[in-house]
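Residue numbers (our numbering): 21 to 294. For reference, the structure is listed below as structure tokens.
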């Protein structure tokens, strides 16, 4: 039966030599939905209507570049011998942590230039970011990538997964953990939690830092199942290391900002504050 299983076509549209991949379309949908949600919430919180659209014009290209740089750095043994491959991003090889680092730096500079609280901007964007990540993982599904270790078909069927997911996890003669799905579900739950935390009226910055903590916890455990991890050492996965650093860093920032009086403003406050 397995021999007759055909993977889903990763090409959504073919117009002569032009091919539009499902991966790109799915990422695009995630970005668009995330932007709409952030723009609407930004207006409710008193920010200029187009502030997030303006931010995305800078953040998206910088995120792509930084995601590629991050990946190349940790695969330098290969790229140092094949420098011509560095710019070939279409062959794959980007890292979400690199994209997040680039996006956060961009948002910080952008907020300073526009004289807007970075933490306010980040808090509003947090649910959008994690929702975009949840949707984006389905691009990995279409490409049959970012999967976990080998499992049996019975294992997947016992999870009551739809047949199209089970079949798509059949890759080169074996079935694999659908780690894209684990992370996507974790992120959707995180999105719901962050939306609810808005009502709790946390201190400014703590909604974004809650996102960092939630995402990092999930990524740490999901990464342990993956087979394509970037490695810091033979046994140390980079994504897991970064996740631990981010969790600790976010907790330290929460307590530090409270102790130093830097988080007096709250999410639902109209005043800018810090």
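All C-beta atoms in this analysis are idealised placements derived from N, C-alpha and C, irrespective of residue type, glycine included.
Query raised in the report: Would you say the region 125-139 touches the region 151-168, given that touching needs at least three Cβ pairs under 8 Å?
Result: no
Requested in this report: Run through the region 120-169 for me and flag every whole alpha helix (DSSP H) of 4 or more residues, listed as ranges in chain order.
Outcome: 138-163
Report task. Find out if the Cβ-Cβ distance for the pair residue 286, residue 223 is shorter than 9 Å. Result -> yes
Query raised in the report: Between residue 164 and the rest of its own chain, which residues show a CB-CB distance below 7 Å, the 5 nearest in sequence each way excluded?
Result: Counting only Cβ-Cβ distances below 7 Å, and skipping sequence neighbours, we find 27, 188 and 191.
Query raised in the report: So, is residue 91 buried or exposed, given that buried needs 16 or more other C-beta atoms within 10 angstroms?
Result: buried
**Report entry** Other residues of its chain near residue 194: CB distance less than 7 Å, five sequence neighbours each side excluded
**Finding:** 170
Query raised in the report: Which residue's Cα is closest to the Cα of residue 205: 150, 186 and 226?
Result: Taking only the C-alpha atoms, the option nearest residue 205 is 150.
Query - DSSP state of residue 219 mapped onto helix, strand, coil - result: helix
Query raised in the report: Using the beta-carbon count (16 or more within 10 Å), is residue 62 buried or exposed?
Result: buried
Query raised in the report: Roughly how far, in whole angstroms, is the beta-carbon of residue 142 from the beta-carbon of residue 275, given that I think they are within contact range, below 8 Å?
Result: Rounded, the Cβ-Cβ distance is 18 Å, inconsistent with contact.
Query raised in the report: With DSSP run on the structure shown, which of helix, strand or coil describes residue 197?
Result: coil
Query raised in the report: Going along the chain, which residues of its own chain have a beta-carbon closer than 7 Å to the beta-carbon of residue 86, five neighbours each way excluded?
Result: 118, 119, 121 and 122
Query raised in the report: In this structure, what does DSSP give as the bridge partners for residue 230?
Result: None; residue 230 has no bridge partner.
Requested in this report: Quick one: residues in its chain with C-beta nearer than 6 Å to the C-beta of residue 114, no 5 flanking neighbours on either side, listed in chain order?
Outcome: For residue 114, same chain residues with a beta-carbon under 6 Å away, outside a window of 5 residues either side, are 87, 88 and 91 in chain order.
Query - 6 Å Cβ shell around residue 139 - same chain, five flanking residues per side excluded - result: 224 and 225
Query raised in the report: Which value, in whole angstroms, describes the spacing of the CA atoms of residue 198 and residue 116?
Result: Using only the alpha carbons, I get a separation of about 18 Å.
Query raised in the report: Would DSSP call residue 32 helix, strand or coil?
Result: strand
Query raised in the report: Just the Cα atoms here: how many angstroms apart are residue 83 and residue 232?
Result: Using only the alpha carbons, I get a separation of about 17 Å.
Query raised in the report: How is residue 65 classed by DSSP in three states: helix, strand or coil?
Result: coil
Requested in this report: Can you have a look at residue 220 and say buried or exposed, based on whether 16 or more other CB atoms are within 10 angstroms of its CB?
Outcome: Result: exposed.
Report task. Evaluate residue 24 with the Cβ neighbour count: other Cβ atoms within 10 Å of its Cβ, from every protein chain shown; 16 or more gives buried, anything less gives exposed. Result -> exposed
Query - DSSP three-state assignment for residue 287, whether helix, strand or coil - result: coil
Query raised in the report: Is it true that the region 93-101 meets the region 262-273, where meeting means three or more beta-carbon pairs spaced less than 8 Å apart?
Result: Short answer: they don't touch.
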